[in-house]
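Taking it in order: structure first as C-alpha cells, then the write-up.
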Amino acid sequence: MVLPSKAECNRWEMEVGSRGLPLCLLDSAFHVIPSGIPESVNSSPTCCLRYHEKVLPRKLVLGYRRALNCYLPAIIFITKKKREICANPKNKWVQEYIEDPNLRLLPPGNSGRVKTIRS
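Take a look at the structure:
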C-alpha cells in the first residue's frame with residue numbers, strides 16, 4: 001500500500017483545514033497498488049469482425065487461438081507467415097483442425113486487437 005508522505009498530508013491540512021486528513025486518507029485509498037496481480041488480468045481478447053470464407057490449407061497452419069468470448073466467436077489460425085485467419089468454430093473443417101493433435105493451441109496474443117482478414 002502506498003501512502004502519501006507526511007509532508008503531503010500536512011500541506012493538505014494547511015490548504016483545506018481539518019478536512020485535510022480525510023482527504024489524505026482518501027487519496028491513499030485510491031493509490032493502493034495491489035502486488036501479485038499480473039498486468040494481463042484486465043486484458044481484452046483479440047476478436048474477429050468476420051470469418052474467412054474459404055478452407056485454409058492445413059499445411060499452412062502452425063497453430064490456433066480461441067476467441068470464443070467475443071461478439072463473433074472464432075478460431076484464429078496462425079499461418080507459417082504469421083498471419084492470423086479468423087474461422088467459424090462451427091465449420092466442419094475448423095473442428096477437424098482443432099482436434100488434430102499436431103496442431104497446437106497457442107497462448108493468447110496481444111490484447112485488445114480486432115482482426116479483419118481478407119477472404
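With the UniProt record's numbering, letter number 110 in the sequence shown gets 110, and the count goes up by one each step, no holes.
Where is the CB? At the ideal position from N, CA and C, for every residue including glycine.
Please read all numbers here as calculations on a predicted model, not as lab measurements.
Would you kindly work out how many angstroms separate the C-alpha atoms of P34 and W93, rounded to a whole number?
Unreliable placement is indicated for P34, whose pLDDT of 45 sits below 50; no coordinate value is reported for it.
Quick check on Y71: buried or exposed, where buried means 16 or more other Cβ atoms within 10 Å of its Cβ?
exposed
Give the range of the beta strand (DSSP E) segment to which E84 is assigned.
E84 to A87 is the extent of the beta strand (DSSP E) around E84.
Where do the ends of the alpha helix (DSSP H) carrying Y97 lie?
K92 to E99
Evaluate R65 with the Cβ neighbour count: other Cβ atoms within 10 Å of its Cβ, from every protein chain shown; 16 or more gives buried, anything less gives exposed.
By the neighbour-count criterion, in which 16 or more other beta carbons inside 10 Å mark a residue as buried, R65 falls on the buried side.
With a threshold of 16 other CB atoms inside 10 Å of the CB of E84, please say whether the residue is buried or exposed.
buried
Determine the DSSP secondary structure at R50, reduced to helix, strand or coil.
coil
Run through DSSP, which three-state label would L68 get?
Three-state DSSP puts L68 in coil, outside helix and strand.
Return yes when the C-beta of I75 is under 7 Å from any heavy atom of the ligand GDP, and no when it is not.
With respect to the ligand GDP, the structure shown offers nothing to examine, as it has no ligands at all.
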